[in-house]
Each structure stands twice: as C-alpha cells, then as structure tokens.
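**Student:** Numbering (the working numbering), first residue to last: 44 to 505.
What follows is a single structure, and I will ask about it in a moment.
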C-alpha cells in the first residue's frame with residue numbers, strides 16, 4: 044500500500060500521508076511553515092467546540108443536511124475525548140503560519156471532515172462547505188482566542204488565591220515579630236514581618252481583582268462576523284446559538300453582542316488582560332526578590348528568613364540551599380514582560396478589516412498565563428508554606444539600626460535626633476549610648492520612648 048494519498052484543493056493536487064486525517068491545506072502549511080512551537084492544543088479544542096456548536100446551530104436553523112450535521116458532531120465528540128498526545132497527531136501545524144490562523148481553522152475542518160468520512164463513507168462531509176458552514180477563519184479563530192484566554196484565567200486565579208492564602212497565614216503568624224524596615228536599601232523605622240507580608244497580600248489581592256474585573260471583556264466573541272465583519276453567509280441567529288452552546292461548555296456567559304468589525308481587526312481585550320498579567324508578574328517579581336534577599340545568607344546576608352531546602356543548591360558546595368522557587372518565578376515574570384511587548388505590538392497591527400498577528404498573540408498570552416499559574420503555585424507550596432523567620436537575626440539587626448531614632452524626634456526634635464544617629468554611626472556605638480551621651484535624653488526616657496513594637500502601630504491594626 045502506498046504511504047501517501049493524493050487530494051486536491053483549489054491550487055492543485057497534494058501528496059498526504061496515507062493515515063493522516065488532515066487534508067491538502069494542512070499538508071501545504073505543514074511543509075511551508077515548519078518553524079517554531081505547535082499551535083496550542085487549547086486552541087484546537089476550542090475550535091472543535093466552536094465547530095460542534097456551529098453544526099448544532101446549523102441543524103436547528105435548517106442550514107445543513109441532518110445526516111451531515113450529526114456526523115460532524117459525532118466526529119468532533121470523538122476528537123474531543125482524545126488525550127493531548129493522541130489529538131496532537133492530527134494537528135501538526137505551527138504558531139508561525141498565516142496571521143489569521145486560517146490554516147489551523149482548515150486543519151480542524153479537514154480533520155473533522157475526514158473522520159466523518161471514516162465514520163460513514165456514504166455521507167460526503169466537506170471541510171469548507173459543511174464543517175466551516177456559516178463561518179470564516181477570520182471570526183472563528185479570534186473566537187477561539189478569547190475562549191482559551193478565559194480558560195487560562197480560570198486556571199490562574201485559583202493559583203493567585205492559593206498564594207494569597209499562604210501569605211495570609213504567615214502574616215497572622217508573624218504579625219507581632221518586629222524587624223528593621225528598609226527604604227532605598229537603607230535602614231528605616233521598624234515594622235513587623237506580618238505587616239511587611241500584608242503588603243504582599245494586598246498587592247496580589249489587587250492583581251486578582253484586576254483580572255476578575257477585566258475577564259468579562261474576553262466574553263465578547265467575534266463569531267458571526269465571517270470574512271470582514273459583515274456576517275456574509277452566516278444564517279440569522281447562528282452566532283447567538285453558538286455563543287449559547289459554548290457558554291454551556293465553558294461555564295461562562297459568552298456573548299456575540301459586540302461590533303464584529305472590532306472583533307476581527309482588534310484584540311483589545313486580550314491586550315488589556317495581558318497587561319494585568321504583566322502587572323501580576325511585576326508584583327510577583329518584587330515579592331520573590333524581597334523574599335530571596337531577606338533569606339540571603341545564611342551567614343553573610345540579611346538572614347532574616349529561613350527558606351525550605353527543596354534540592355541541593357550546588358554541584359560543588361556541599362550543604363548549599365538556593366532560593367530556586369524565587370528564581371523560577373522571577374524568570375517567568377521576565378518572560379511575561381517580553382510577551383507583553385509581543386501582545387502589545389501584535390495588537391497594534393489590526394490593519395483595515397483584520398489583525399494578522401492572531402496566532403502569536405494567543406500563544407504569548409497562553410504562555411504567560413501558564414507560566415504564572417505554575418510558578419506561583421510552586422512559590423506558594425515550596426517556598427512560602429515552609430518559610431520561617433530568624434528571630435535572633437531580626438532582633439540583632441533591629442538593635443543595631445540607627446533609624447529607630449525617629450521615635451525621639453517628637454520629644455527632642457529632628458535636628459538633635461539626627462545628631463544622635465550620626466554620632467552613634469561615627470563612634471560605632473549603640474543608639475542608646477549616643478543618646479545618653481548627648482544629654483538630650485535620660486535612660487528612663489529612652490527606654491519609654493524607644494518601644495519598638497509601639498513604633499509599628501501594629502496593635503492599632505489588629
């Protein structure tokens with residue numbers, strides 16, 4: 044038996060691997076665009092669900108032969124239950140192809156049509172006329188983009204909440220543990236570690252809320268716009284039925300009540316939501332940086348925090364422990380920053396009636412969401428959950444700090460307080476020694492005014 048079969052498209056005959064479910068347009072793309080990563084399977088599954096919803100809508104609207112419509116649905120159902128590795132075999136195309144995603148749309152149409160033919164050779168199901176009926180790549184692909192972006196946020200948001208919960212536990216545990224504050228990388232007035240962590244919590248709660256507030260913009264679907272936004276060849280009522288059906292599948296209330304010319308030419312929703320992903324990445328970078336620096340040491344660094352030893356830290360230095368979870372999340376954050384540039388630039392290229400950077404936009408978006416979901420989960424479980432404080436080191440650094448002199452300012456004035464701090468620094472003495480030597484403060488006054496916990500106002504915040 045020949046290893047290939049011959050099929051034709053509008054450009055002529057094409058040799059296709061005998062057992063492949065795809066057709067000539069997929070084969071052309073497979074050979075013309077071999078570079079880069081594969082099209083995300085989330086997009087493939089979304090396209091299949093859209094095609095299924097379209098077939099159901101066309102049946103309900105009497106737009107397609109009943110046998111063909113049911114066969115399309117049966118074929119898609121068989122594909123949707125396949126595990127990822129098996130599904131990938133029939134969807135071999137890369138991200139870097141036509142900027143509309145047309146070839147991946149046709150890959151989907153061809154696979155469904157050919158599988159339908161195997162299921163029932165007596166019924167002819169055509170990729171363009173039947174599986175793609177009432178649709179265009181130009182409205183189907185951006186519809187899939189928004190659907191998978193919503194899915195990605197559904198995975199990310201619980202990960203963010205999980206980290207918030209782990210940090211809140213540390214906030215409560217160490218609410219009254221006083222430590223030196225730092226601004227400009229210099230000593231500042233005291234705060235508690237619980238207060239410091241509460242800042243991390245608040246940042247992440249804001250990021251979570253930004254994402255939740257912005258997620259609804261992704262519920263607007265371009266389906267029904269067909270080629271240029273006019274809806275040519277789509278039956279009245281078909282887009283609404285598709286939106287209803289995919290809403291059931293994905294558990295979100297998708298809508299087609301949006302300007303279709305906008306839906307094809309612009310990806311503002313993905314752009315603005317990715318901006319929130321970038322903001323989350325920026326806050327994660329800052330939090331991870333703080334934790335790994337406060338845990339630096341154990342003998343020659345800040346040494347205020349103890350981090351879990353998840354794996355050996357060095358191939359040559361025995362016993363070394365590195366902040367690897369912080370390193371992973373900060374590297375992921377950098378990738379998100381880069382992806383945000385890609386998404387922003389690509390979203391600006393909505394020339395005339397269609398943006399032609401669609402595959403790279405959604406690939407970058409999904410990578411960012413996936414990286415943040417995974418590294419935030421790891422950071423929560425493998426670093427924050429096992430984090431403890433080094434009380435002795437915190438007390439040592441606090442006792443040696445000069446900026447607690449700020450508490451004396453209301454009593455002796457800023458100028459004289461500054462002189463005390465400068466004298467202590469110059470002499471290498473404690474702040475108390477310099478204060479008593481200045482004659483501005485008695486020992487009894489010093490001990491009363493220099494209450495470290497009181498300086499934090501933590502009891503007012505309980």
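Backbone N, C-alpha and C define an ideal beta-carbon position, used for all residues, glycine too.
For a test of your reading of the model: does the CB of residue 357 fall under 6 Å from any non-hydrogen atom of the ligand COA? Yes or no.
**Tutor:** Looking at this structure, you won't find the ligand COA or any other ligand, since it has none at all.
**Student:** Could you check whether the region 163 to 173 touches the region 220 to 239, counting it as contact only if at least three pairs of C-beta atoms, one from each stretch, sit closer than 8 Å?
**Tutor:** Contact between the region 163 to 173 and the region 220 to 239 is absent, because fewer than three Cβ pairs lie under 8 Å.
**Student:** At what residues does the alpha helix (DSSP H) containing residue 333 begin and finish?
**Tutor:** 311 to 337
**Student:** Use the C-beta contact count for residue 410: other C-beta atoms within 10 angstroms, 16 or more gives buried, fewer gives exposed.
**Tutor:** buried
**Student:** Starting from the C-beta of residue 348, find all residues in its chain whose C-beta is less than 8 Å away, skip the five residues before and the five after it, and write them out in chain order.
**Tutor:** 334, 337, 338, 430, 431, 432, 433
**Student:** Ignoring anything shorter than 4 residues or poking outside the region 456 to 498, list the alpha helix (DSSP H) runs there in chain order.
**Tutor:** Segments of the alpha helix (DSSP H) lying fully in the region 456 to 498: 457 to 470, 474 to 481, 486 to 492, 495 to 498.
**Student:** For residue 287, which three-state DSSP category applies?
**Tutor:** helix
**Student:** For the pair the region 459 to 466 and the region 439 to 449, tell me if three or more CB-CB distances fall below 8 Å.
**Tutor:** yes
**Student:** With a 10 Å radius around its C-beta and 16 neighbouring C-beta atoms as the bar for buried, classify residue 227 as buried or exposed.
**Tutor:** Its Cβ having fewer than 16 others within 10 Å, residue 227 is exposed.
**Student:** Could you check where the alpha helix (DSSP H) with residue 263 kicks off and where it finishes?
**Tutor:** Where residue 263 is concerned, there is no enclosing alpha helix (DSSP H), given that its DSSP letter is neither H nor E.
**Student:** Does the beta-carbon of residue 377 have 16 or more other beta-carbons within 10 angstroms, so that it is buried, or is it exposed?
**Tutor:** exposed
**Student:** Between residue 346 and residue 303, is the Cβ-Cβ spacing less than 7 Å?
**Tutor:** The answer is no: Cβ separation not under 7 Å.
**Student:** For the alpha helix (DSSP H) holding residue 124, just list the boundary residues, first then last.
**Tutor:** From DSSP, residue 124 is part of no alpha helix (DSSP H); its letter is neither H nor E.
**Student:** Taking contact to mean 3 or more Cβ pairs, one atom from each stretch, closer than 8 Å, check whether the region 263 to 270 and the region 299 to 313 are in contact.
**Tutor:** yes
**Student:** Which residues mark the beginning and the end of the alpha helix (DSSP H) in which residue 377 is found?
**Tutor:** 367 to 390
**Student:** Go through its chain and collect everything with a Cβ distance to residue 486's Cβ below 7 Å, but skip five positions before and after it.
**Tutor:** 479
**Student:** Within this structure, are the beta carbons of residue 406 and residue 138 separated by less than 7 Å?
**Tutor:** yes
**Student:** Closest by CA to residue 247, which one among 282, 368, 320, 312?
**Tutor:** 320
**Student:** Can you give me the C-alpha to C-alpha distance between residue 100 and residue 109, rounded to a whole angstrom?
**Tutor:** About 11 Å.
**Student:** Taking all protein chains shown into account, do 16 or more other C-beta atoms lie within 10 angstroms of the C-beta of residue 360, making it buried, or fewer, making it exposed?
**Tutor:** exposed
**Student:** Please report the distance separating the alpha-carbon of residue 296 from that of residue 97.
**Tutor:** 17 Å
**Student:** Under 7 Å, do residue 179 and residue 269 count as touching if we go by C-beta distance?
**Tutor:** yes
**Student:** When you compare only the Cα positions, how much space is there between residue 58 and residue 65?
**Tutor:** 11 Å
**Student:** Note down the Cα distance separating residue 294 from residue 81, rounded to an integer number of angstroms.
**Tutor:** 27 Å
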